[in-house]
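What follows is one structure encoded as structure tokens, with my remarks underneath.
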Ligand SMILES: [Zn+2]
């Protein structure tokens, strides 16, 4: 039985006692029954709010997971440290080997080849090199909504 139903049940029981309406105790009983009813109603509303908030948190969590996918995909797929793209030296780019975490400096020539062998562990690292994308300071992210 729900709280509101139990409150109504108790109120019905009190009414059924056919207490003297002029008796002070009767008044107290009725006020208590009324209070129980109000409290049950408010708790019901709070529960509804709680459910709504939980749903919203779930939604935020899903959105955040989507954002994390975009951020980490950028790191692992490209493997290019865009903060170095402003430098003009031959070793303008760096990537991190996913197998041994070694930081590898890349020349533009090796970027053009599309892959490089990790000098530490021999893992072949592949990347999609788009010169147009590297020209801009901020890498463009495809809108994934
Ligand atoms: Zn490695």
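Residue numbers (my numbering): 12 to 156.
All residues carry an ideal CB built from backbone N, CA and C; glycine is no exception.
It should be emphasised that the depicted structure is a prediction, and the values quoted were computed from it without experimental measurement.
Taking 6 Å as the cut-off, is the C-beta of residue i nearer than that to any heavy atom in ligand 1?
i	result
residue 105	no
residue 157	The chain is shown only over 12 to 156; residue 157 falls outside these bounds and no answer can be derived.
residue 134	yes
residue 110	yes
residue 9	Examination of residue 9 is not possible in this model, given that the chain is present from 12 through 156 alone.
Using a 10 Å radius around the Cβ and a threshold of 16 neighbouring Cβ atoms, would you call residue i buried or exposed?
i	result
residue 113	exposed
residue 46	exposed
residue 121	buried
residue 76	exposed
residue 127	buried
residue 104	buried
residue 108	buried
residue 98	Its pLDDT being 46, under 50, residue 98 is placed unreliably by the model, and nothing is read from it.
Could you please give the first and the last residue of the uninterrupted alpha helix (DSSP H) stretch that includes residue i?
i	result
residue 22	14 to 27
residue 136	Looking at the DSSP string, residue 136 is not in any alpha helix (DSSP H); the run it does join, the beta strand (DSSP E), is 135 to 137.
Residue range of the beta strand (DSSP E) that residue i falls in?
i	result
residue 106	104 to 107
residue 128	126 to 128
Can you pull the DSSP bridge partners for residue i?
i	result
residue 114	107
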